[in-house]
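Take a look at the structure set out below.
Number of protein chains: 4
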Amino acid sequence: MRRIDDFREIIDNYEVVFFDAFGVLKNYGGLVPGIERTFAYLEESGKEYYIVTNDASRSPTQLAESYHRKGLTAITADRVISSGMLTKEYLDLKVDDGIVAYLGTEDSAHYIESEGLHTLPVSAINEENFDKVNALVFLDDEGFDWCNDLNKAVNLLRRRTIPAIVANTDFAYPVTVNEIAVAIGGIAAMLETIVGKKFIRFGKPDSQMFMFAYDLIREYRPITKPEIVMVGDTLQTDILGGNKFGLDTVLVLSGNTLPADAHNRMVSTGIVPTYICDSAVIK
Amino acid sequence: MRRIDDFREIIDNYEVVFFDAFGVLKNYGGLVPGIERTFAYLEESGKEYYIVTNDASRSPTQLAESYHRKGLTAITADRVISSGMLTKEYLDLKVDDGIVAYLGTEDSAHYIESEGLHTLPVSAINEENFDKVNALVFLDDEGFDWCNDLNKAVNLLRRRTIPAIVANTDFAYPVTVNEIAVAIGGIAAMLETIVGKKFIRFGKPDSQMFMFAYDLIREYRPITKPEIVMVGDTLQTDILGGNKFGLDTVLVLSGNTLPADAHNRMVSTGIVPTYICDSAVIK
Amino acid sequence: MRRIDDFREIIDNYEVVFFDAFGVLKNYGGLVPGIERTFAYLEESGKEYYIVTNDASRSPTQLAESYHRKGLTAITADRVISSGMLTKEYLDLKVDDGIVAYLGTEDSAHYIESEGLHTLPVSAINEENFDKVNALVFLDDEGFDWCNDLNKAVNLLRRRTIPAIVANTDFAYPVTVNEIAVAIGGIAAMLETIVGKKFIRFGKPDSQMFMFAYDLIREYRPITKPEIVMVGDTLQTDILGGNKFGLDTVLVLSGNTLPADAHNRMVSTGIVPTYICDSAVIK
Amino acid sequence: MRRIDDFREIIDNYEVVFFDAFGVLKNYGGLVPGIERTFAYLEESGKEYYIVTNDASRSPTQLAESYHRKGLTAITADRVISSGMLTKEYLDLKVDDGIVAYLGTEDSAHYIESEGLHTLPVSAINEENFDKVNALVFLDDEGFDWCNDLNKAVNLLRRRTIPAIVANTDFAYPVTVNEIAVAIGGIAAMLETIVGKKFIRFGKPDSQMFMFAYDLIREYRPITKPEIVMVGDTLQTDILGGNKFGLDTVLVLSGNTLPADAHNRMVSTGIVPTYICDSAVIK
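Residue numbers (my numbering), protein chains in the order written: chain A, 1 to 283; chain B, 284 to 566; chain C, 567 to 849; chain D, 850 to 1132.
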């Protein structure tokens, strides 16, 4: 593990940079100050970048728009790779017809809608359409009544042998500096224990997330793993996943991992990035 | 393991019978038909009995009244031992003052109220009383807003180092023949994973439940473990807990464990009762 | 949680003291220096004490002798309560005849031998006696060939539906200041996952350990929980278990929990003792 | 899920077939009778195939030779994709120099040897070379002394912050029709719990295994996921992994999943293959 003073050095040494979103580019208060300089320098240096995020609550287009509104216009929809995209790919390949029931907002569900498939919130599942449900997707912790809809989802999964797909593996997420909220990944894990079935999970640290991004690049240009670096603020997702996929990794201290805790957390988890840098902002 | 035809044989061979409630005495449809005969015979034979239940949603008095309303007048409050009673004992012994925040109905909380302690639903915790909360108790899956109150509970446990007590260890419970609902024990386990702290759990199969009943009897008469038999419908709670505590155990097939599944479940879990009997009803 | 300067204050305020063994009375290097003064003072004050230990590798008599050899003659066999004693009680009550197969040393097995039961190391199980094995007990990490005997134990548990009893729940134990070793509790957990059956575990933090000690005292004198204090060096076993049983608890910093870590560990685990004291040695 | 009578139908409908090894091509007794006809038909039809296996105990060359010795000469080293190959790729990309300590046979370690890296069995780690160890790899359950070397491995991982790589995620493997043995994946999970660090796992059901095979094919020809089918005997590894990666899947009943259990297991796990077929043998 090597300490890096200026993130510029990272950009200079790789062809492609993968960024986690929350804690790296933005934070509770909005954009990480100065992050636009990083994207200007990437552009200038002819380097490529992707946002690789476990956020399945909105489509890539909506996620990109949220950056534009904050003033970071460099990020376009085609640069955003989310666990929701893997969910969509799974549904396209593996579920031919019928209803995809979901837990989440309408926005999150709109995106996974495919030809031949009809998405329906769990609350709209009833005795008539029950037998046409061919998959259940966990998309977001918002947009549904936890008590009613989770109990409905439990019984749906007990009575129908259908795949359950978790589009966000996180158990919790930060909402302010001091507060967190239960994420859909935590809720899904509770239901998985109760029904005793194996759910399908997409999102970092799972390799499929990195592979999806890697494949996307290789469609238009040759690239090798040593030319890519993954930048994240969380050891258990960004760094573990990046390491396992064979990428170099940068832990930035602008999010989940506080400067004072970084060393202890690496020792206690055994997860070590290639580099540590204060933030992804270039000086 | 021995097959017993008539539950009368069980009563004849023990001094004290512990009964699980749901699946043994009552069911979705009301009382198990004929169960009043069992209690008449117990009375007649001068045998004692206790209801040993993981139900912390109401006080022993309220639980007894629910049997009376169904027509089983033999069960009085002093015969009911619930995981809520262990929670109350814990609070009495270990929490001196301040607020006990809870997730559950008012009924469930009323019972644990003690001198010097003030119970408050999690929804009523605010910045003013936050620092006076000295315990959090998981009582029931009803009586609160899952989304708001679970997120509040998570942040309470992150910011305050206080004991979290789970008064019902079950992950789910049956609501009709075909449907189950998420129980407070499942919800508590999700929060335990998210906050990373150790919760304190009361309820079968934990020994403390059986010890509480055992102690209660010994206050007024001598008794030994071989004179007590535990009757239940669930291998993982009633039978495992009874076995571990050193009691003989009877699996009845009137609840969770269907006649067709009993053998397979014993083999797959490795949990074997002393006896199997169709139900706790005497012929 | 209150800081206590002199352990004498603890003794003055309780009728009975439960001590964990390792990290409290002794350590890698032998007895904790000065601990004999504590036992002299207990004697002098007419207070009672018990050693409550997860060590099932030897009988209470052998454990007491090991203290005598180190110079602490105050500890007699009747003062030692081990998880092995609970295992013996379980076998006495629940296993009538046949063979009890075990993993551990001969010393550990000798103690659990009962009338009608025959103990045999797993290595001695063969096709002839296979069907007579009525229980498997995990006693110690020493005394057997891990590779051969663990594979034999796995297949024994797959083919025979018999109780598996774990007499020591610890996953690892310290062997020098810097080194630990895998304990039989860790090995048992691996086998439990592989065979998919529920094992029966005795030892702190489980309440049955404390109840056993509590019952033993009440056989000859009246006592209540507030008159007993549990002294230990490990939050997850001694303190969590003592708290749950309703006892006051003392965390001493002479073993597993280092002075510099105590605060952080309490916050991160949520397990808080009634008192903290440097050691169980009186000044 | 569709029942298929003749495996020939599968071959006719796909361009590439991925086969699990054990339970599909071979079994305790040797090759699955008639399996050579399947490979003759694959050849004849101009279809491609790969063996995708969690076996990291030997190199692809050695694995291929073991088929030749059994009479299945169709399988060449370049057709074998093992979790050991992913381990090797990881070491090549992420560990630059020093010692790679391993648990397994010399055969398993020989294969992962790379330029600049020196493999050493855990038993050969000593105070001199301790600080040069830069990774620990779990390769095989054979070739080392479980008791000594697992304790050494635990302390190595506690004192050195290095990646621990598990080259076989299986917890157990069959050795005869009735017997199983503890696999290195089960042992690794025990150590992971004890040291509290995150290990890196390669092998089905993890996607990286399928991706490795998919990438290998794409190096010399275009292919899409719908043109590939994964054939396996285990729902939790072959079928879950294949499904998640977006492949069609075939459950064969010649190994882990018995014909009588197939339906129940699909319902209880929620893992459903695209097809079920008695075996991978064509009629």
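Cβ atoms here follow ideal geometry from the backbone N, Cα and C, with glycine treated the same way.
Within the same chain, show all residues whose beta-carbon is closer than 7 angstroms to that of V378/B, passing over the 5 residues directly before and after it, in chain order.
L400, N417 and A418
Could you tell me which residues DSSP puts in a beta bridge with N876/D?
G879/D
Just checking: is the beta-carbon of I860/D within a distance shorter than 7 angstroms of some beta-carbon in chain A?
Cβ-Cβ to chain A under 7 angstroms: no for I860/D.
Which residue from I617/C, M775/C and A622/C puts its Cα closest to that of F811/C?
M775/C
Identify the continuous beta strand (DSSP E) that holds L157/A and give its terminal residues.
Not the beta strand (DSSP E): L157/A falls in the alpha helix (DSSP H), residues W146 to R159.
For I217/A, the three-state DSSP class (helix, strand or coil):
Of the three classes helix, strand and coil, the one that applies to I217/A here is helix, per DSSP.
Quick check: what's the CA-CA separation for E219/A versus G479/B?
Roughly 42 angstroms separates the two Cα atoms.
Identified DSSP bridge partners for T902/D
S931/D
Are A733/C and L705/C close, meaning C-beta to C-beta below 7 angstroms?
Contact flag set, yes.
Where D531/B falls, given that 16 or more other Cβ within 10 Å makes a residue buried:
Buried.
Tell me whether P909/D sits in a helix, a strand or coil according to DSSP, three-state version.
helix
Any C-beta of chain D under 7 angstroms from that of T269/A:
Residue contact check for T269/A against chain D: a CB pair falls below 7 angstroms.
Taking the straight line between their C-alpha atoms, what separation do you get for I728/C and V743/C?
39 angstroms
CB-CB length for L93/A against K1053/D, believed under 8 angstroms:
Actually they are not in contact, since the Cβ atoms of L93/A and K1053/D sit about 18 angstroms apart, beyond 8 angstroms.
Does any residue of chain B have a CB that is nearer than 7 angstroms to the CB of M190/A?
With 7 angstroms as the cut-off, M190/A counts as an interface residue toward chain B.
With C-beta atoms as the reference, is F495/B less than 7 angstroms away from S366/B?
no
Using a Cβ cut-off of 7 angstroms (strictly closer), state whether C430/B contacts chain A.
yes
Going by beta-carbon coordinates alone, are V137/A and Y90/A separated by less than 7 angstroms?
no
Determine whether the Cβ of I766/C lies closer than 7 angstroms to any Cβ atom of chain F.
The structure shown has no chain F; the protein chains it does contain are A, B, C and D.
For A260/A, which three-state DSSP category applies?
coil
For N579/C, name the three-state secondary structure that DSSP assigns.
helix
Could you name the residues of chain B that F171/A contacts, counting a contact when the two beta carbons are closer than 9 angstroms?
M473, T476 and I477
The region 673 to 682 of chain C contacting the region 634 to 647 of chain C, beta-carbon criterion three pairs below 8 angstroms
no
Residues that DSSP places opposite H118/A in a beta bridge
I99/A
Taking 7 angstroms as the CB-CB cut-off, is G186/A touching chain B?
yes
Measuring CB to CB, does E749/C end up less than 7 angstroms from D707/C?
Sequence inspection shows Ala at residue 749/C; the Glu mentioned does not correspond to that position. With contacts defined by Cβ atoms closer than 7 angstroms, A749/C and D707/C form a contacting pair.
What residues are listed by DSSP as bridge partners for A164/A?
L136/A
Let me see if you follow: with CB-CB separation under 7 angstroms, is M494/B close to chain C or not?
yes
Does any residue of chain D bring its CB to less than 7 angstroms from the CB of Q208/A?
So, interface residue.
Alpha helix (DSSP H) containing L807/C: first to last residue?
Looking at the sequence shown, residue 807/C is not Leu but Gly. If you look at G807/C, you'll find it in the alpha helix (DSSP H) that goes L806 to F811.
Which same chain residues end up closer than 6 angstroms to N809/C when comparing Cβ atoms and leaving out the 5 residues on each side of it in sequence?
T815
Near-chain D residues of the region 715 to 727 of chain C - C-beta to any C-beta below 8 angstroms
L716, N717, V720, N721, R724 and R725
Which stretch, first to last residue, makes up the alpha helix (DSSP H) that contains T321/B?
I318 to E327
Helix, strand or coil at M796/C [DSSP, three-state]:
strand
Return yes when the Cβ of D303/B is within less than 7 angstroms of the Cβ of G515/B, no when it is not.
yes
Suppose the cutoff is 8 angstroms on Cβ atoms and the five residues either side in sequence are ignored; what does the same chain contact list for F305/B look like?
These residues qualify, in order along the chain: T336, D338, Y456, P457, D516 and G538.
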